[in-house]
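Report on the structure given below.
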Amino acid sequence: MEEIARPVRVPFRQPPVRIDFARMRFSPKKLAYRLVTFGVLLLIWHLAALHYHNPLLLPSPLDTFLALIGALGNVEIMQDLLLTMQRVLIGLSIALVIGLSVGFAMGYSKIVNELVDPIIGPLRQVPIMAWVPLTIVWFGLGEGPTLFLIAMVATFPIMLNAMAGVRAVPQNYYDAARSMGAGRWSIFSRITLPGALPDMITGVRIGLSAGWMSVI
Amino acid sequence: MNLQVQGITKHYGENGSCKTVLQDINVEVLGGEFVSLLGPSGCGKTTLLTIIAGFQQPCSGTVLLNGCKVDKPGPDRGVVFQDYALFPWMTVGENILFPMQQQKIPQKLQDEKLHHYLEMARLKGSEHLYPSQISGGMKQRTAVVRALASEPELLLMDEPFGAVDYQMRHNLQEEFEALWQSNPKPVIMVTHDVDEAVYLSDRILVMSTNRGEIVHELLVDIDRPRNRRSNDYHACLNKLTDILKENHKSQS
Ligand SMILES: Nc1ncnc2c1ncn2[C@@H]1O[C@H](COP(=O)(O)OP(=O)(O)O)[C@@H](O)[C@H]1O
Ligand SMILES: [Mg+2]
Numbered sequence: 017m018e019e020i021a022r023p024v025r026v027p028f029r030q031p032p033v034r035i036d037f038a039r040m041r042f043s044p045k046k047l048a049y050r051l052v053t054f055g056v057l058l059l060i061w062h063l064a065a066l067h068y069h070n071p072l073l074l075p076s077p078l079d080t081f082l083a084l085i086g087a088l089g090n091v092e093i094m095q096d097l098l099l100t101m102q103r104v105l106i107g108l109s110i111a112l113v114i115g116l117s118v119g120f121a122m123g124y125s126k127i128v129n130e131l132v133d134p135i136i137g138p139l140r141q142v143p144i145m146a147w148v149p150l151t152i153v154w155f156g157l158g159e160g161p162t163l164f165l166i167a168m169v170a171t172f173p174i175m176l177n178a179m180a181g182v183r184a185v186p187q188n189y190y191d192a193a194r195s196m197g198a199g200r201w202s203i204f205s206r207i208t209l210p211g212a213l214p215d216m217i218t219g220v221r222i223g224l225s226a227g228w229m230s231v232i
Numbered sequence: 023m024n025l026q027v028q029g030i031t032k033h034y035g036e037n038g039s040c041k042t043v044l045q046d047i048n049v050e051v052l053g054g055e056f057v058s059l060l061g062p063s064g065c066g067k068t069t070l071l072t073i074i075a076g077f078q079q080p081c082s083g084t085v086l087l088n089g090c091k092v093d094k095p096g097p098d099r100g101v102v103f104q105d106y107a108l109f110p111w112m113t114v115g116e117n118i119l120f121p122m123q124q125q126k127i128p129q130k131l132q133d134e135k136l137h138h139y140l141e142m143a144r145l146k147g148s149e150h151l152y153p154s155q156i157s158g159g160m161k162q163r164t165a166v167v168r169a170l171a172s173e174p175e176l177l178l179m180d181e182p183f184g185a186v187d188y189q190m191r192h193n194l195q196e197e198f199e200a201l202w203q204s205n206p207k208p209v210i211m212v213t214h215d216v217d218e219a220v221y222l223s224d225r226i227l228v229m230s231t232n233r234g235e236i237v238h239e240l241l242v243d244i245d246r247p248r249n250r251r252s253n254d255y256h257a258c259l260n261k262l263t264d265i266l267k268e269n270h271k272s273q274s
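Written out as structure tokens, the structure reads:
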């Protein structure tokens, strides 16, 4: 293992913990808050629909719900939906694998970071629509371009947050673990991984939603 | 146990603006003594301790533990960090088990030892709590028994009572004293607090700001646990304060 990529070494220091591991549990209170939010949104929608009174401009929640039920029975629509879901899942899986592995490697190793960063930087800046003609040329008109775009959009947030998460693990924890006799695998699985988890989850959430939105 | 620190020198910075923090430092710790490194902030105490712990390499000189050269951290030297460095994603019990798991101790023995350490540190019933849920004193005790759980030859502590107020500090010192007496181990403690050094140490090494030079060595021969109000205690405190003052004067 190369040295952990961190510019200044400050011995015996520790930043505040960013996540409360003791409180990551389900609570009925939280569910109640969600229901209230949902209810209020429905009400606003309903009132707005009454106001416009035009199903083309804004259909009422009830009409929309009935249309959804209708669509569920329609084989063609369901097939399209399944296809979309399948694409999203494959695209996101690619993004997860590439994003997490490259992100971890970048956070772990200064050398990997120096090698990969000059590629990542410019790639991120390319507007997503600019990829469309290129990918059609590369992959033809089939699944290829869609998968590529979903993966492309989702990869970077996952990658960069995983990298930041790995770097945010205090040097202290590594020193402590090594002084208790921990080997490489143990340090990775019990220090780096849980230490980077909060940022990793943030990245995956952003990546997944960005991937979803790019489907349309 | 025999620790020898021989001719340790440490510079920081590039060749252009090189700063010598430690110059030719020699220390020897034998048997079960409690040794304190006492000196003002910035005199290089932490640097020396991290070199003994193996977290950093000296520019020259060697550290020998029972005759073997120290060049990386290991379970033979338990470390208590200034802010404890308890892993926040593990419970108190998991933190204490961590060093035993690394040494692949049989499961049954691990359970017995965990029980023993929880008892010793009065943490029974708190083993399922996370570090964010316990008090400063409990964190400190967890950190100490976690360091003891790898059964080190030597305990290294960097201002382990530094981050708390006066009263709490006294409490923690007294708790540590009790814990230490039930499980005596050689200790090297870094501190800038005169009272703390006198309360806990068998031997005090006074470091100077000038390249970490050890300018004075004081033996504290008072019965434990020490009474902070006794005459002997005060005499020792005064003597040490005078040494520090003199040292400060000769520097400026
Ligand atoms: N990683 C580092 N890089 C550069 N200078 C450092 C580093 N660590 C410590 N120093 C310097 O070395 C000196 C001694 O530091 P330290 O050992 O932390 O002192 P103490 O623990 O006695 O307060 C200080 O002047 C500090 O600024
Ligand atoms: Mg220090």
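These protein sequences, in sequence, are chains A and B.
For the first sequence, the numbering used here gives the first residue as 17, with consecutive numbering after it.
For the second sequence, the numbering used here gives the first residue as 23, with consecutive numbering after it.
A virtual CB, placed ideally from N, CA and C, is assigned to each residue, including glycine.
All of these numbers come straight from a predicted model, not from anything done at the bench.
Would you kindly check if the distance between the Cβ of residue j and the Cβ of residue i is under 8 Å?
i	j	result
B/Gly234	B/Val43	yes
B/Glu173	B/Gln195	no
B/Met160	B/Leu145	yes
A/Ile174	A/Leu116	yes
B/Val101	A/Ala192	yes
B/Met229	B/Gly29	no
B/Glu181	B/Val212	yes
A/Val153	A/Ser230	no
B/Val242	B/Val209	no
A/Gly160	A/Pro214	no
A/Arg77	A/Trp61	Checking the sequence shown, residue 77 of chain A turns out to be Pro, not Arg. In contact: A/Pro77 and A/Trp61 (Cβ atoms closer than 8 Å).
B/Pro62	B/His238	no
B/Gly76	B/Gly53	no
B/Leu201	B/Arg163	yes
Which residues in chain B sit within 8 Å of residue i, going by Cβ to Cβ distance?
i	result
A/Ser205	Residues of chain B passing the Cβ test: none, with the nearest at roughly 11 Å.
Any beta-carbon of chain A closer than 8 Å to the one on residue i?
i	result
B/Gly92	The residue asked about is misnamed: residue 92 of chain B is Val in this sequence, not Gly. Chain A, which has no Cβ nearer than 8 Å to the Cβ of B/Val92, makes this no.
B/Phe77	yes
B/Ala107	yes
B/Trp111	yes
B/Ile265	no
B/Gly234	no
Check the DSSP bridge columns for residue i and list the partner residues they point to.
i	result
B/His238	B/Val228
B/Asn249	Per DSSP, none; premise fails for B/Asn249.
B/Cys8	Summary: the structure shown does not reach residue 8 of chain B, with chain B confined to residues 23 through 274, and so no result is reported for it.
B/Arg99	B/Leu176
B/Gln26	B/Glu50, B/Leu86
B/Lys41	B/Tyr34
B/Phe56	B/Val209
Is residue i buried or exposed, if buried means 16 or more other CB atoms sit within 10 Å of its CB?
i	result
B/Asn117	buried
A/Ile207	buried
B/Glu36	exposed
A/Gly89	exposed
A/Gln102	exposed
B/Gln3	Because chain B here runs from 23 to 274, residue 3 of chain B falls outside it and cannot be looked at.
B/Ser58	buried
A/Arg25	The predicted model places A/Arg25 with a pLDDT of 39, which falls under 50 and marks its position as unreliable; any figure quoted below should be read in that light. Classification of A/Arg25: exposed, given that the 10 Å Cβ count is below 16.
A/Thr50	As written in the sequence, residue 50 of chain A is Arg, which differs from the Thr given in the question. So A/Arg50 ends up on the exposed side.
B/Phe183	buried
B/Leu87	buried
A/Glu19	Note on A/Glu19: pLDDT 40, under 50, position unreliable in the model; the coordinate value appears next. A/Glu19 should be labelled exposed.
A/Tyr190	buried
A/Met145	exposed
A/Arg221	exposed
B/Gln124	buried
B/Ser252	exposed
In chain B, which residues lie less than 7 Å from residue i when you measure between Cβ atoms?
i	result
A/Ser202	Gln124
A/Gly197	Gly96, Pro97, Pro121, Gln124, Gln125, Ser172
For residue i, would you say it is in contact with chain B, using Cβ-to-Cβ distances shorter than 8 Å as the test?
i	result
A/Asn183	In the sequence as displayed, the identity of residue 183 of chain A is Arg instead of Asn. So no, A/Arg183 is outside the interface.
A/Asp191	yes
A/Pro71	no
A/Pro210	yes
Interface residues of chain A around residue i at Cβ under 9 Å?
i	result
B/Gly100	Ser195, Met196
In chain B, which residues lie with their C-beta within 9 Å of the C-beta of residue i?
i	result
A/Met44	In the sequence as displayed, the identity of residue 44 of chain A is Pro instead of Met. None at all; the shortest Cβ gap to chain B is about 21 Å.
Does the beta carbon of residue i sit closer than 8 Å to a beta carbon anywhere in chain E?
i	result
B/Met23	Checking the listed chains, one finds no chain E in this structure; the protein chains it contains are A and B.
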